[in-house]
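Final position of the first sequence in UniProt numbering is 426; the numbers increase by one with none missing. Comments concern the structure below.
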Amino acid sequence: MPMFGLADVNSFYASCEALFRPDLRGKSIVVLSNNDGCVIARNAGAKALGIKMGVPWFQIKNHSYREKVHVFSSNYALYHSLSQRVMIALEEITPRVEQYSIDEMFLDLTGIDSCEDFEHFGRRLREHVLNTVGLPIGVGIGQTKTLAKSAQWASKEWKQFHGVLALTPDNPKRTTTLLENQPVEEIWGVGRKIGKRLNLMGIKNALQLAQSNPRFVRDNFSVVLERTVRELNGESCIPFEELPSSKQQIICSRSFGERITSKEAMRQALCQYAVRAAEKLRGEHQFCRHIGIFIRTSPHAVNEVYYGNSAGEKLVLPTHDTRDIIEVVMRSLERIWLDGRRYMKAGVALDDFTPNGVTQLSLFDEHKPREKSAQLMNALDGINQSGLGDVWFAGQGVNTAWKMKREMLSPAWTTCWNDIPIARIK
DNA sequence: TCTGGGGTCCTAGGACCC
DNA sequence: TCTGGGGTCCTAGGACCC
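Here it is in structure tokens:
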């Protein structure tokens, strides 16, 4: 019988910010989204102050608790590197780990119980990560991914579990009690919309959903929710996936630090996103056959008519060449750009991948692939990843006002030599 | 004045085919 | 009065995740 674990770092971004700042132990911390837009992470202290997830920063920055809370811009270089460390620490103890998100890993714990009690294992894991990386994790264990998620949720919700909870078939009463106490919107796979609809039908907790007829759920909702019902009953439908699956789509988009009003600035921004998207594409060892862009003004602005539009092209030849991607992006912008708008956000999306650039060329095909494209892109990526130099495309521009706002950024403690933490002994 | 970014999967509907 | 049916492919949009 399969058994799944879920390890989740507590208040991940906030915990990362505290890791190299011993002076912040026990203080309230929040982390803001890109552009210092809204709150995307809070530690226990910040939650206790009543700071809600997702609130816009400008709404609370003059609040009376402002003095008590330490605020940070998102520092993804730091979070990614610490996420890797957690992953490595988990792999030292668990044979198979699936990285599910930046702060969550599924664990294949099948058969572990032949030598160790599940909860004992979970506690050992927790201590190991705390000792080697310094970050606190919670561990949930169950017969399906959904049950492991529910267990992890409960391990946070009730203090007596101390961050580790196992739902095992030999104690069905425990599972029933947990599900009875879990509101339906807290189940993995049930969001706000479906949660509301379920509530209207009188299905308010996870146990009620688990006891619903799967056929009824499929007909009235979807096969996705039917799967959730089955998973809540211990029937594993979502498999463990150790190898990261290859991407179907790559998106690079940002809100601007300042509104963009000139086409030239928009060209620079899109050019930069195109360069980054192309790098990611090559990192995936893929070629794309579709390139798209979108631009939009702020949907929140009063006294302004909202404008949002997208455009793109299907390619005859798959590409991973930055020059091709920039070309299409610029042509697409010509088709949807409108003067006189204050643009807030734009992005580049690559789609429809194939593992190589070679397709059957017809004898009379006018479209010829670029010569030496792969070598040039290789050289470019090599230089930019070496840390020794920086090569960029003329269209990208330098140091412009629309660039992301990050006024409260912490140092890149783990990824930049200049920022390495220094310990002083008194 | 100020509201994240990056993904996945599924479904419905239209175009087209025989 | 009559106006098939079934299949595929594509796209847009909606739901979800963190």
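A virtual CB, placed ideally from N, CA and C, is assigned to each residue, including glycine.
Taking the Cα positions, N213 is about 44 angstroms away from W57. Residue burial annotation: W413 is buried, with at least 16 other C-beta atoms found within 10 angstroms of its C-beta.
Here the C-alpha atom of L165 lies approximately 40 angstroms from the C-alpha atom of K405. It is roughly 9 angstroms from the alpha-carbon of D390 to the alpha-carbon of D381. Each of S262, F106, N418 and G347 was checked against the Cα of L90, and the nearest Cα belongs to F106. At a Cβ-Cβ threshold of 8 angstroms, H70 and I29 count as neighbours. Between V217 and L207 a beta carbon distance of about 14 angstroms is seen, past the 8 angstroms cut, so the two are scored as non-contacting. Between H320 and A278, the C-beta spacing is below 8 angstroms. Annotation note: the stretch 316-393 contains the following uninterrupted alpha helix (DSSP H) runs of length 4 or greater, listed N- to C-terminal: 322-336 and 373-386. The Cβ atoms of F287 and T177 do not sit closer than 8 angstroms to each other. Runs of the beta strand (DSSP E) lying entirely within the stretch 255-315, each at least 3 residues long, are 287-297 in chain order.
Cβ-Cβ distances below 6 angstroms link G189 to T228 in the same chain, with the five nearest sequence neighbours on each side left out; the list follows chain order.
With respect to the 8 angstroms criterion, F118 and I88 are not classified as neighbours on the basis of their beta carbons.
Taking all protein chains in view, the Cβ of L167 is crowded by 16 or more other Cβ atoms within 10 Å, so the residue is classified as buried.
D103 counts as buried, since at least 16 other C-beta atoms from the protein chains shown sit within 10 angstroms of its C-beta. DSSP, reduced to helix, strand and coil, places I51 outside both helices and strands of the structure shown, so it counts as coil. Two segments are said to touch when three or more pairs of C-beta atoms, one from each, lie closer than 8 angstroms; by this definition the stretch 170-186 touches the stretch 194-208. Pairwise C-beta distances place the stretch 279-298 in contact with the stretch 330-346, as three or more of them are shorter than 8 angstroms. Comparing C-alpha distances from D108 to each of Q211, R424 and L243 shows the shortest one belongs to L243.
Membership of Y76 in any beta strand (DSSP E) is not indicated; the residue belongs instead to the alpha helix (DSSP H) covering Y76 to I93. Taking the C-beta atoms as reference points, I137 is found nearer than 8 angstroms to V9.
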